[in-house]
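Inspection log for the structure reproduced underneath, given as structure tokens.
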Ligand SMILES: Nc1nc2c(ncn2[C@@H]2O[C@H](COP(=O)(O)OP(=O)(O)OP(=O)(O)O)[C@@H](O)[C@H]2O)c(=O)[nH]1
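Residue numbers (full-length UniProt numbering): 1 to 224.
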């Protein structure tokens, strides 16, 4: 039986189990998908998290879907994130829909320098509600926060939209790395929390509070 977190589960128990020493070197695993319009920076976001590097300026649109694994440590627990990078182009949508169903978390990106990528977020959320699990963790990310001169979406607008849908929000930069790791760490902590892996003395985890307390703001926001 497959557990909702991809870990080995005792048949009938339903709960994720700790891996034995002979099993892979992580305690918990989860599937995360990157979604958003073409060109918002999903591939760069993943590459920055995985390799700490920013890809060249050449934009090569993702074809179909691809994934990378990375293990992060949260309070001594190793959480393997299987991160799926989807193609933002409309013509690949039917392919990516098939992958929504067993994702535990979705990072939904728009580009702060591209208004239509922000305007399309509602349509993305409609698709998510149609195809993803009801309790999927969603985080809204306004990417390319490093290019403040070309900003056309105010940070407040991202915050208002996120509040409307009850999801955490932050601005990010796949170029400088601003809030990139934080987004994945917040997801890993939430997965750990949902799997009931809190220590007895740990306070209950609230993803909104965690993101709000940890996120960095862009150094200057001269948007008028
Ligand atoms: N300045 C800046 N440029 C970025 C950032 N993230 C991505 N880019 C650039 O934006 C372009 C598109 O980035 P990708 O990561 O390929 O976009 P994508 O969302 O994966 O696009 P699809 O694969 O078509 O869905 C590339 O030229 C990147 O170099 C960022 O945070 N800041």
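Every residue gets a Cβ at the ideal spot worked out from N, C-alpha and C, and that includes glycine. If you're wondering where the values come from, they're calculated on a predicted model, not measured in any experiment.
Pull up the DSSP beta-bridge partners for residue i, would you.
i	result
residue 84	33, 67
residue 226	One cannot answer for residue 226 here, as it falls past the ends of the chain, which runs 1 to 224.
residue 105	32, 137
residue 262	Since the first and last residues shown for the chain are 1 and 224, residue 262 lies out of range.
residue 265	Outside the shown range of the chain (1 to 224) lies residue 265, about which nothing can therefore be said.
Residue i: buried (16+ other C-beta within 10 angstroms of its C-beta) or exposed?
i	result
residue 168	buried
residue 21	In this prediction, residue 21 has a pLDDT of 46, which is less than 50 and means its spatial position is unreliable; what the coordinates show is noted afterwards. Exposed, because fewer than 16 other Cβ atoms sit within 10 Å of the Cβ of residue 21.
residue 213	exposed
residue 197	buried
residue 227	Beyond the ends of the chain as shown, which are 1 and 224, falls residue 227; an answer cannot be given.
residue 203	exposed
residue 153	buried
residue 95	exposed
residue 29	buried
residue 52	exposed
residue 13	Low per-residue confidence applies at residue 13: pLDDT is 35, beneath 50, and the placement is therefore not dependable, though the value from the model is reported in the following sentence. Result: exposed.
residue 143	buried
Does the beta-carbon of residue i, which I'm using as the reference point, lie nearer than 8 Å to any heavy atom of ligand 1?
i	result
residue 55	yes
residue 184	no
residue 123	no
residue 169	no
residue 108	no
residue 187	no
residue 146	yes
If contacts are defined as beta-carbon pairs under 8 Å, then residue i and residue j qualify, I think. What distance do you get, rounded to the angstrom?
i	j	result
residue 180	residue 188	Not really, about 13 Å apart at Cβ, beyond 8 Å.
residue 34	residue 107	5 Å
Touch test, the segment 99–113 against the segment 127–138, Cβ-Cβ under 8 Å, three pairs minimum: Yes, they touch.
contact_flag[the segment 116–123, the segment 78–85] where n(CB pairs < 8 Å) is 3 or more: Two segments are said to touch when three or more pairs of C-beta atoms, one from each, lie closer than 8 Å; by this definition the segment 116–123 does not touch the segment 78–85.
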